[in-house]
Structure formats: structure tokens, C-alpha cells
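Chains as they are written, first to last, in this note's numbering: chain A, 1 to 147; chain B, 148 to 294; chain C, 295 to 441; chain D, 442 to 588. All C-beta atoms in this analysis are idealised placements derived from N, C-alpha and C, irrespective of residue type, glycine included. Working notes, structure below.
Protein chains: 4
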Amino acid sequence: MSDLIEQKPPRTVTYQVRVEFGDCDPAGIVWFPNFFRWIDAASRHFFEACGVPRWEETTRTLGVIGTPLVDTQARFIKTASYGDHLQIHTAVTEWRGKSFVQSYRVCRGEDLILECQEVRIFASAREDGSPGIRAVLIPPSIRALCD
Amino acid sequence: MSDLIEQKPPRTVTYQVRVEFGDCDPAGIVWFPNFFRWIDAASRHFFEACGVPRWEETTRTLGVIGTPLVDTQARFIKTASYGDHLQIHTAVTEWRGKSFVQSYRVCRGEDLILECQEVRIFASAREDGSPGIRAVLIPPSIRALCD
Amino acid sequence: MSDLIEQKPPRTVTYQVRVEFGDCDPAGIVWFPNFFRWIDAASRHFFEACGVPRWEETTRTLGVIGTPLVDTQARFIKTASYGDHLQIHTAVTEWRGKSFVQSYRVCRGEDLILECQEVRIFASAREDGSPGIRAVLIPPSIRALCD
Amino acid sequence: MSDLIEQKPPRTVTYQVRVEFGDCDPAGIVWFPNFFRWIDAASRHFFEACGVPRWEETTRTLGVIGTPLVDTQARFIKTASYGDHLQIHTAVTEWRGKSFVQSYRVCRGEDLILECQEVRIFASAREDGSPGIRAVLIPPSIRALCD
């Protein structure tokens with residue numbers, strides 16, 4: 001009967017972007033690495049909107065320095081250009097033991113511009129102080145804020 | 148007997164990157180959109196190394212303004228930081244009618260940092276002069292240079 | 295008696311910036327080239343707010359492709375970090391024959407973060423189609439919109 | 442007779458830049474904040490070439506987290522576009538008590554593209570751990586390496 005259990009859709013947070021002249025390339029359209037810049041901002045903005053504190057604070061309290069990317073997939077559907085206002089609709093669509101899936105729909109009003117799906121981790125600094133990172137278990141206090 | 152036919156591995160071109168301080172985020176590691184910046188440069192560098200002229204020239208001769216991205220997948224394996232020297236090994240691993248697959252291995256010497264696989268198109272400006280683009284058939288003259 | 299003539303302060307337009315994690319460097323503060331990214335956006339936003347159309351349109355109607363920078367001076371007073379909301383107050387403080395001075399105050403509420411003063415030109419493409427630019431006389435129709 | 446004392450010209454270190462497609466804007470020329478990105482890399486490269494260690498190490502040994510910018514002036518003389526190879530010639534042209542002047546000539550072979558002069562400081566983290574910075578006296582061990 002599990003298929004009768006209603007699934008609440010995941011919490012979605014929207015991040016607004018104005019596309020600027022300098023975000024565009026000689027073809028006059030957004031140079032694609034800029035979409036990843038905005039998606040990364042939308043990722044953190046999601047956690048901020050859920051009440052997760054700044055990474056400096058989670059570094060002190062939980063040893064968590066941020067949520068680096070492990071894997072990303074993106075599909076570019078329409079182009080955008082300067083003057084456009086975009087909305088990035090962001091949700092965590094799956095929680096795993098040491099990682100989570102974060103999903104994005106970048107829209108210009110009704111137009112879908114791109115879709116992206118990422119795997120991210122919560123990371124700690126290496127114990128030896130070298131510049132690398134390691135994945136930690138999803139902190140329950142952070143997960144509780146996001147549901 | 149087709150399995151006896153030797154397949155030539157695709158032509159691979161290597162693009163060199165120095166990671167700079169400003170490419171790194173407050174965690175001290177490369178902020179991931181910068182990897183896409185370098186991958187995009189490696190993509191064009193591949194065509195340049197094959198003898199494909201600048202996009203201004205292909206715009207005049209073929210109506211091709213560049214090779215925008217349609218789809219990308221990337222797997223981030225190790226972190227990098229400023230002072231690192233990276234090598235991006237780039238190949239076109241599949242030619243389709245109106246698109247092609249371009250594949251990247253970003254290495255720091257023996258270390259694999261990330262792998263990326265993209266679908267790109269050869270694009271023309273819209274006929275009505277609006278800022279969008281449209282895919283064209285792979286120009287045979289360009290394909291011949293790249294094999 | 296000219297010193298009795300009241301000078302209207304120049305029209306000022308404010309552009310809002312949210313500082314993101316990826317805008318900051320390993321020292322945890324905004325990496326300075328990002329301030330110039332935002333200042334450039336504030337420059338165009340000033341003209342947009344005055345009713346100047348997109349550069350594609352001015353290219354067709356006036357031969358003006360944009361307002362490239364000739365000279366800039368900036369003084370960095372306080373640092374900023376991610377989570378900060380900045381206001382860039384922008385004005386044209388002097389019109390010359392073929393150039394103009396655009397001035398910026400980047401603030402975080404009451405705090406002055408940086409001041410910048412630029413000389414920019416209105417530019418046309420080169421007549422021979424090469425990628426360079428040349429300065430043109432300030433178009434009176436644009437100046438009239440900005441006063 | 443002091444005017445007979447020969448002044449050794451300051452040590453100059455050259456940093457190489459390849460201009461990429463994504464560094465250019467819809468006008469087809471380098472979007473100017475990218476010049477500051479390269480200048481910042483040339484600044485650190487100067488110290489690296491002089492034997493100054495990474496900022497993580499100077500943070501441990503000297504409390505110095507980097508050399509943030511206090512003031513910059515730049516004059517843009519010629520445009521550049523993708524495919525160009527630029528040379529940034531960098532020198533420290535003045536040492537002061539708590540700051541220094543770093544000067545840059547960005548060239549494309551014989552062509553001068555831009556000139557820039559900066560005031561930078563050697564910075565420490567704030568004692569209270571907040572994200573700001575404070576200037577420290579020029580560390581003599583660093584200055585000795587650079588002369």
C-alpha cells in the first residue's frame with residue numbers, strides 16, 4: 001500500500017538572477033560557466049533560506065566548511081542574454097548518507113532555460129590541514145532545517 | 148569480422164591551466180564554475196589546434212558563430228588549489244548529424260581531478276537577428292580538419 | 295554671479311548586489327575583480343534606468359556598440375563578504391566631447407566599501423570589421439536621456 | 442652627488458596570458474574585469490617568482506594571509522580579443538611602511554594594451570576572527586626576497 005502514501009513535494013526556494021552584459025560572450029548570449037556561478041549561489045541560498053548559518057559558523061559548530069560538488073549534469077534548452085531576469089527554482093530531491101541531490105530549474109518566466117541536477121557533499125577540512133576536503137555524514141541538525 | 152577493424156583512438160589535444168588564488172573560494176579550493184571556464188577554453192583550443200579558424204571567420208564563411216553547449220556531465224574526483232598546474236586532455240569522441248560529443252579529462256600530472264562529457268552543436272545566428280541561436284549540420288570542412 | 299547659480303546634483307541610480315560565496319577568495323573576502331564586474335553592471339544599469347536601449351538597438355540606430363572603459367581609479371576602503379548586500383550609487387559626473395566620467399560609491403548600508411571613478415567612451419566598431427573599437431561623439435539623444 | 446648614484450631598475454617578472462573566447466563580451470573584446478583577474482594573478486606570480494611561499498604558509502609563519510588591494514589606477518590603451526597572447530610585466534616600484542606600489546604593463550608583443558598601478562598591503566586576519574583584514578608592517582623576510 002506504500003504507493004498510496006502521499007509524497008510531499010520537496011521544499012523549493014527561488015533565487016533571482018539579472019543577466020548582465022559581461023555575462024555574455026561574443027555570440028551575445030550567456031557564456032555557460034556563468035550559469036554554474038548562479039546555480040552555486042542558488043545552492044547556498046537554498047540553505048540560507050532554510051536557516052542554515054554561514055559556513056564559518058558551521059565550521060566552528062559542526063566542522064562543515066561547505067557543500068562542494070561531486071557530480072553535475074545540465075541540459076541547456078534555451079539561450080539567455082543581458083537584460084533577462086531568470087528564476088532558479090532549487091530543491092534537495094534526495095538525501096543520502098554522505099551526499100545529497102540538489103536540483104535546479106532555471107526559468108525566464110514560463111520559459112525553461114536549463115535544468116541541472118547535482119550531487120553534493122557536506123565537507124570538512126582534511127585533518128592534516130592540507131587544502132583538500134573529505135565528506136562527512138549529513139548533519140542531522142542541517143537536514144532537519146531543510147525538510 | 149568488424150571487431151578486427153582497428154579503431155584509431157580519437158585525436159587528443161591538451162590544454163594547460165595554472166590555478167590562481169582568485170580561482171579558489173573561501174574553502175581554499177577551486178570554485179567549480181572555474182573548471183567549466185577552463186573546459187570551455189579547452190574546447191575551443193581543440194578546434195584551434197586542428198586548424199579551425201576564429202569564429203568571426205567561420206561566421207563569414209560558414210555562418211557558424213561557435214559551438215554552444217547543449218548538455219554537460221561532470222564528475223569531480225579530487226580538489227585543486229592555487230599553484231596547481233592542470234592538463235585538460237580533450238577529444239571529440241562522437242560526431243552526430245547536428246551535434247558532437249566532446250570529452251575532457253582534467254589531470255594534475257597522474258592525478259585525475261575531474262572528467263567531463265559534453266554535447267555541443269555548431270550554431271548559427273537566428274535568421275531574424277534575435278540573440279538566440281540554432282543548430283546547423285556539422286560543417287564537413289570542419290569535421291575533416293578534426294579527424 | 296555664476297557662483298550663485300545652483301548646480302543640480304547629478305542623477306544617481308542605485309544598483310543592488312548580493313555578495314555570493316564564489317565571489318570570495320581563500321581569505322574569505324570579495325576577490326577584487328568582482329567589484330569591477332558589479333561596477334560594470336551598475337554602469338549599464340544607469341543607462342538602462344535612464345531609458346537608453348540595449349546596445350544591439352543602439353548599434354543599429356547610432357552605431358554605438360557600448361561604453362568601454364578608458365581609465366579607472368578605485369579606492370578600497372572596507373572588505374565585504376558573502377551574505378552582504380551592497381548598493382552601488384552611480385552617476386555621470388562629467389560629460390566631455392568624446393568621453394564621460396562615471397562615478398560609483400559602493401556601500402553596505404552606511405558603510406562605504408569602495409569608491410571608483412571611470413572615464414568611458416561611446417564606441418563604434420572599426421570600419422574595417424576588425425575586433426577593435428573607436429570613440430564617437432557623445433550621441434545627443436543618449437545624453438538628453440541621462441540628464 | 443646623489444644624482445650620480447645609479448638606480449637599479451626594479452626586478453620585473455612577466456606573466457603570460459592567453460585570452461579566451463569567454464573572456465570577451467558581446468562587443469568581441471576582452472571584458473575589462475578580466476584584466477584585473479589577470480593582474481591579480483600577475484601580482485601573486487611576482488611574489489612566487491621571488492620565492493615567497495604560498496599564503497597558507499605565510500599565514501602560519503608570519504600571520505600574512507595575502508596582499509589585498511587598497512587602491513588601483515588603470516589606463517586602457519588598446520583592446521584585446523580571444524586568441525591574443527598577452528605579457529604582463531610586473532614590478533614593485535615602491536616599498537612603504539605598511540603598503541607597497543605594484544606596477545603592471547600589459548602588452549601584446551610591442552603593443553601596450555593597458556597600464557596599471559596599485560597600492561597593496563600585507564594583511565593579517567582580524568584578531569577577533571571576523572572576515573575583515575588589517576595591514577601589517579612589510580615583513581622584512583618577504584621584502585628581502587623581492588629586491
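Below 8 Å on C-beta distance, what does residue i contact in chain C?
i: residue 22 of chain A; result: 331, 334 and 335
i: residue 520 of chain D; result: 362, 425, 426 and 427
i: residue 516 of chain D; result: 364 and 365
Which bits of chain A does residue i rub up against, with CB to CB less than 7 Å?
i: residue 474 of chain D; result: 22
If residue i sits next to residue j, beta carbons under 8 Å apart, how far is it from one beta carbon to the other, in whole angstroms?
i: residue 517 of chain D; j: residue 386 of chain C; result: In fact, because the Cβ distance is near 18 Å, the residues do not count as touching under 8 Å.
i: residue 115 of chain A; j: residue 144 of chain A; result: 28 Å between Cβ atoms; not a contact.
i: residue 173 of chain A; j: residue 136 of chain A; result: The first residue shown for chain A is 1 and the last is 147, placing residue 173 of chain A beyond what the model contains.
In whole angstroms, give me the CA-to-CA distance for residue i and residue j.
i: residue 520 of chain D; j: residue 418 of chain C; result: 13 Å
i: residue 285 of chain B; j: residue 113 of chain A; result: 24 Å
i: residue 11 of chain A; j: residue 147 of chain A; result: 7 Å
i: residue 95 of chain A; j: residue 64 of chain A; result: 17 Å
i: residue 544 of chain D; j: residue 248 of chain B; result: 44 Å
i: residue 176 of chain B; j: residue 229 of chain B; result: 8 Å
i: residue 295 of chain C; j: residue 302 of chain C; result: Bear in mind that a pLDDT of 46 at residue 295 of chain C, under 50, signals an unreliable position, so the number given afterwards is only what the model happens to contain. Spanning the two alpha carbons is a distance of roughly 17 Å.
i: residue 50 of chain A; j: residue 466 of chain D; result: 36 Å
i: residue 463 of chain D; j: residue 184 of chain B; result: 7 Å
i: residue 178 of chain B; j: residue 435 of chain C; result: 43 Å
i: residue 120 of chain A; j: residue 180 of chain B; result: 14 Å
i: residue 58 of chain A; j: residue 66 of chain A; result: 8 Å
i: residue 567 of chain D; j: residue 487 of chain D; result: 26 Å
i: residue 309 of chain C; j: residue 334 of chain C; result: 11 Å
i: residue 209 of chain B; j: residue 349 of chain C; result: 25 Å
i: residue 105 of chain A; j: residue 13 of chain A; result: 11 Å
i: residue 275 of chain B; j: residue 245 of chain B; result: 21 Å
i: residue 362 of chain C; j: residue 338 of chain C; result: 10 Å
i: residue 468 of chain D; j: residue 549 of chain D; result: 19 Å
i: residue 72 of chain A; j: residue 237 of chain B; result: 19 Å
i: residue 575 of chain D; j: residue 559 of chain D; result: 17 Å
i: residue 164 of chain B; j: residue 231 of chain B; result: 8 Å
i: residue 426 of chain C; j: residue 52 of chain A; result: 48 Å
i: residue 111 of chain A; j: residue 354 of chain C; result: 27 Å
i: residue 189 of chain B; j: residue 182 of chain B; result: 10 Å
i: residue 342 of chain C; j: residue 489 of chain D; result: 43 Å
i: residue 88 of chain A; j: residue 269 of chain B; result: 27 Å
Could you spell out the range, first to last residue, of the alpha helix (DSSP H) harbouring residue i?
i: residue 142 of chain A; result: 140-146
i: residue 72 of chain A; result: Taken as a continuous stretch (DSSP letters only), residue 72 of chain A belongs to no alpha helix (DSSP H), being part of the beta strand (DSSP E) at 69-76.
Starting from residue i, trace the beta strand (DSSP E) both ways and give me its first and last residue.
i: residue 473 of chain D; result: Residue 473 of chain D -> no beta strand (DSSP E), and no H or E assigned at all.
i: residue 308 of chain C; result: 307-312
i: residue 351 of chain C; result: Taken as a continuous stretch (DSSP letters only), residue 351 of chain C belongs to no beta strand (DSSP E), being part of the alpha helix (DSSP H) at 349-356.
i: residue 563 of chain D; result: 563-566
i: residue 86 of chain A; result: 85-95
i: residue 24 of chain A; result: Note, residue 24 of chain A: premise wrong, no beta strand (DSSP E); not H, not E.
i: residue 589 of chain D; result: Nothing can be reported for residue 589 of chain D: it is not among the residues displayed for chain D, which extend from 442 to 588.
i: residue 576 of chain D; result: 574-577
If the cut is a Cβ gap below 7 Å, which residues of chain D does residue i touch?
i: residue 201 of chain B; result: 524
So which residues of chain A does residue i contact, with C-beta pairs closer than 8 Å?
i: residue 469 of chain D; result: 26
i: residue 338 of chain C; result: 20, 21 and 82
Give the interface partners of residue i over in chain C, defined as CB-CB distance under 7 Å, in chain order.
i: residue 506 of chain D; result: 321
Taking 7 Å as the cut-off, is the beta-carbon of residue i closer than that to any non-hydrogen atom of the ligand GTP?
i: residue 206 of chain B; result: Among the components of this structure there are no ligands whatsoever, and the ligand GTP is therefore not found.
What are the residues of the region 390-405 of chain C that lie near chain A, defined by any Cβ-Cβ distance shorter than 7 Å?
-> none
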